[in-house]
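Visitor: Here the sequence shown stands for residues 1 to 636, numbered as in full-length UniProt numbering.
From the three backbone atoms N, C-alpha and C, an ideal C-beta is built for every residue, glycine too.
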Amino acid sequence: MTSRYGEVLQRWREDPARFWLEAAGAIDWTKPPQIAFDPSAGIYGRWFPDGELNTCHNAVDRHVAAGHGERVAIIYDSPVTGTIRRFTYGELLREVQALALTLTGLGVGKGDRVIVYMPMIPEAVFAMLACARIGAIHSVVFGGFASKELAARIDDAAPKLILSASCGIEPARKVEYKPLLDKAIELARHKPDAVLLKQRPELRASLIEGRDHDWDTTRDAAMARLDAGAPSPCVPVRATDPLYVIYTSGSTGKPKGVVRDNGGNAVALSWSLKNIFATGAGDTFFCASDVGWVVGHCYIVYAPLICGATSILFEGKPIGTPDAGTYWRVVAEHGAKVLFTAPTAIRGIRKEDPDGTLAKRHDLSAFEALFLAGERADPETIIWAEKALDRPVIDHWWQTESGWPMVANPLGLGLLPVKRGSPTVPMPGFDLAILDPAGQPVEAGRMGAIAIRLPLPPGALPTLWNADERFRESYLTEFPGYYSTSDAGFLDEDGYLYVMGRTDDVINVAGHRLSTGEMEEAVGSHPAVAECAVIGMADDLKGEIPCGFVVLKKGSQIDRAAIEAELIAIVREAIGPVAAFRKVLVVDRLPKTRSGKILRRTIKAIVDDKSFETPATIEDPAAIDEIKAIVANGGR
1 MTSRYGEVLQ
11 RWREDPARFW
21 LEAAGAIDWT
31 KPPQIAFDPS
41 AGIYGRWFPD
51 GELNTCHNAV
61 DRHVAAGHGE
71 RVAIIYDSPV
81 TGTIRRFTYG
91 ELLREVQALA
101 LTLTGLGVGK
111 GDRVIVYMPM
121 IPEAVFAMLA
131 CARIGAIHSV
141 VFGGFASKEL
151 AARIDDAAPK
161 LILSASCGIE
171 PARKVEYKPL
181 LDKAIELARH
191 KPDAVLLKQR
201 PELRASLIEG
211 RDHDWDTTRD
221 AAMARLDAGA
231 PSPCVPVRAT
241 DPLYVIYTSG
251 STGKPKGVVR
261 DNGGNAVALS
271 WSLKNIFATG
281 AGDTFFCASD
291 VGWVVGHCYI
301 VYAPLICGAT
311 SILFEGKPIG
321 TPDAGTYWRV
331 VAEHGAKVLF
341 TAPTAIRGIR
351 KEDPDGTLAK
361 RHDLSAFEAL
371 FLAGERADPE
381 TIIWAEKALD
391 RPVIDHWWQT
401 ESGWPMVANP
411 LGLGLLPVKR
421 GSPTVPMPGF
431 DLAILDPAGQ
441 PVEAGRMGAI
451 AIRLPLPPGA
461 LPTLWNADER
471 FRESYLTEFP
481 GYYSTSDAGF
491 LDEDGYLYVM
501 GRTDDVINVA
511 GHRLSTGEME
521 EAVGSHPAVA
531 ECAVIGMADD
541 LKGEIPCGFV
551 VLKKGSQIDR
561 AAIEAELIAI
571 VREAIGPVAA
581 FRKVLVVDRL
591 PKTRSGKILR
601 RTIKAIVDDK
611 SFETPATIED
621 PAAIDEIKAI
631 VANGGR
């Protein structure tokens, strides 16, 4: 199939306004937009400023109205509880209508904020959609987040209500949410009016009288009201009204609340699911993320449901629930067309199942492609997955702020030639440039800062929550006229992007600017390495020198001293002696966030003996203790 990418990109370049108004035709509007973009509105302009819609209607009601109420909307697959449940669009509508009635009964209205602090259960999806239904702004906080971090988000969002559950379930433990939530409310200056709590049978929590409400009790009462004819309508909102606020860690320690608007989000996600992920009505989409992350917002909840697809809601891990074949079991059992996960998940699977035998035990005939994003997908991981799955493995690159992929290989338009190590090419709307420190574009092949010419497209953040000036300072001042991604990389002669890491992952070794991402690519090419991280450690002579941390594949029979020597030789061969790569430490695991990102800044702080705070998003704090011990013992 010949790719239509060039043709589609040219249409966007010639007339962006017409391009996005045509894309907006896939959305139901209570007031269709006549204006695509108003450059005088907001900080850099606003999309569809005269449009009016409701996101919940687009994700649920319209499919039922079109006669698709019996189509499965959500498949809840929870290996940690042994549960599989299916919700049709008709059943989803009822649940969301009932919860919307409950929210309005608790005083929540249009423009109010609601924090959703929940595990990966269907009620989390109901919560997001019910907020969208009544025009409330949801802010999903990853279930199990530390009380101090949750309190900071409560103070920033000032929610009227918090929706939560009694616990989250990990492979080896239950995480009690209620004590964490109660402590967060105690710490926060802002106090929500009420808490609505879903009691899970695995662990129940006590309720505080007068503030806390039982989810199931209120649901039953709301269902009775629905049955008696009580209306639960979708409230129209402006396209520029916020749908949600999602927090990212800020360098100042104060979380940044990324704002996502209703209109741009709906249009961008509808366009991207069809054209990038080749998924539409009736297809099954498996995004193995969490609703606490932007990936979960976009590609577990909103994009699949807006497009009338079936979305898999997975409560488990890529390994250990029960083994490294769980993703392939889910894909086979539910007929997923596409799986979207993080490279870290595939590296974890590869570590446990280096020969890829578990995938071969399942019928993957409906499976068409694996998409990877979240951090850089190294070529060795891609090669392993291609061999294990015999399917296209598609790297793509985006951020919480962008709201959808900035750079990808668009399966729905026909794949372009794959260059492993590159997420391929910019998507329409993202006018990408590589800039030097003075803000000037650099030639092909030269590394610099990755920036996007303004305006950003529909679906990207228009600002930060109650922090317009911070938005300007964080993203728009370094390179005037551009959005700064804080990532570094280069474009090749064909316009393919190579993302080599964050701009602070480019280290200066005796005056040479070198990419730790490039070194990781070299280290990861060793057949015994499952995953790795390279950081720049302080050095009195050279300023910085690279230090590698590697996790070996399960069953690797190789002496640690031998592999260290081999890895040093590989990097010297790939990059040259200028890299000064002479230190490699073998560890059992790398510290990561729950979304799979390796905590390189934390590792660097340990190596440089600097103070640091353990990130609230860390998956396994013991991984930090291991690195501390190894560094203290000189690498052994």
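Classify G414: buried if its beta carbon has 16 or more other beta carbons within 10 angstroms, exposed otherwise.
Guide: Exposed.
Visitor: Is the Cβ-Cβ distance between D175 and G210 less than 9 Å?
Guide: According to the sequence provided, residue 175 is Val. The question's Asp does not apply to it. Going by C-beta atoms, V175 is not nearer than 9 Å to G210.
Visitor: Quick check: the Cα distance between S251 and T88, rounded to an integer number of angstroms?
Guide: Residue placement at S251 cannot be trusted, given a pLDDT of 48 that sits under 50; the coordinates are not used to answer.
Visitor: Taking all protein chains shown into account, do 16 or more other C-beta atoms lie within 10 angstroms of the C-beta of R219, making it buried, or fewer, making it exposed?
Guide: Under this definition R219 is a buried residue.
Visitor: Measure how close the beta-carbons of D156 and G257 come, nearest whole angstrom, since I'm counting them as under 8 Å.
Guide: Their Cβ separation, rounded to whole angstroms, is 6 Å, which keeps D156 and G257 in contact under 8 Å.
Visitor: From the DSSP output, in three-state form, read off L552 for me.
Guide: In this structure, L552 counts as strand in the three-state DSSP scheme.
Visitor: In the DSSP output, what is R46 paired with across the bridge?
Guide: Answer is D38, bridged to R46.
Visitor: In three-state DSSP terms, what is A449?
Guide: The answer is strand: DSSP assigns A449 an E or B state.
Visitor: Secondary structure at C532, three-state DSSP: helix, strand or coil?
Guide: Three-state DSSP puts C532 in a strand.
Visitor: Give the straight-line distance between the Cα atoms of K183 and S147, rounded to the nearest whole angstrom.
Guide: Roughly 6 Å separates the two Cα atoms.
Visitor: Does DSSP put T477 in a helix, a strand or coil?
Guide: Looking at T477 - three-state DSSP - the assignment turns out to be coil, as it is neither helix nor strand.
Visitor: Looking at C-alpha atoms only, which residue of P428, G263, S272, I627 is the closest neighbour of T55?
Guide: Closest by alpha carbon: G263.
Visitor: Got a sec? Which residues, its chain only, sit under 7 Å from D38 by beta carbon, not counting five neighbours each side?
Guide: Excluding sequence neighbours, D38 sits near G45, R46, P49.
Visitor: Return helix, strand or coil for F142, following the three-state DSSP convention.
Guide: The answer is coil: DSSP assigns F142 none of H, G, I, E or B.
Visitor: Specify, as a first and last residue, the run of the alpha helix (DSSP H) that residue 660 falls within.
Guide: The question about residue 660 has no answer here: the residues shown for the chain are numbered 1 through 636.
Visitor: Ignore the nearest five residues each way along the sequence and tell me which others in V108's own chain have a CB closer than 7 Å to its CB.
Guide: Result list for V108: V114, I134, A136, K160, L161, in chain order.
Visitor: Quick test of your reading: V607 and V587, contact by CB under 8 Å. State the CB separation rounded to the nearest angstrom.
Guide: Actually they do not touch by this definition, with Cβ atoms about 12 Å apart.
Visitor: Are the C-beta of H362 and some C-beta of chain B separated by less than 9 Å?
Guide: In the structure shown, chain B cannot be found, because there is only a single protein chain.
Visitor: Drop a sphere of 10 angstroms on the beta-carbon of Q97, count the other beta-carbons inside from all chains shown, and report buried for 16 or more, exposed for fewer.
Guide: With 16 or more other Cβ atoms within 10 Å, it is buried.
Visitor: Per DSSP, which one or two residues make a beta bridge with G257?
Guide: G257 is bridged to Y247.
Visitor: Determine whether the beta carbon atoms of V393 and L372 lie at a separation below 9 Å.
Guide: Yes, these two residues count as a Cβ contact at 9 Å.
Visitor: On the DSSP letters alone, give me the boundaries of the beta strand (DSSP E) that E521 sits inside.
Guide: Careful: E521 lies outside any beta strand (DSSP E), inside the alpha helix (DSSP H) at 516-524.
Visitor: In whole angstroms, what is the alpha-carbon distance linking D353 and A324?
Guide: Spanning the two alpha carbons is a distance of roughly 7 Å.
Visitor: Does the stretch 186-203 come within contact of the stretch 115-125, defined as at least 3 CB pairs closer than 8 Å?
Guide: They touch, by the three-pair rule.
Visitor: In whole angstroms, what separates the C-alpha of F142 from that of V125?
Guide: Spanning the two alpha carbons is a distance of roughly 13 Å.
Visitor: Smallest Cα separation from Y299: which of P318, S270, G316, E315?
Guide: When only C-alpha atoms are compared, the closest one is S270.
Visitor: Does DSSP classify E7 as helix, strand or coil?
Guide: Here E7 sits in helix by DSSP.
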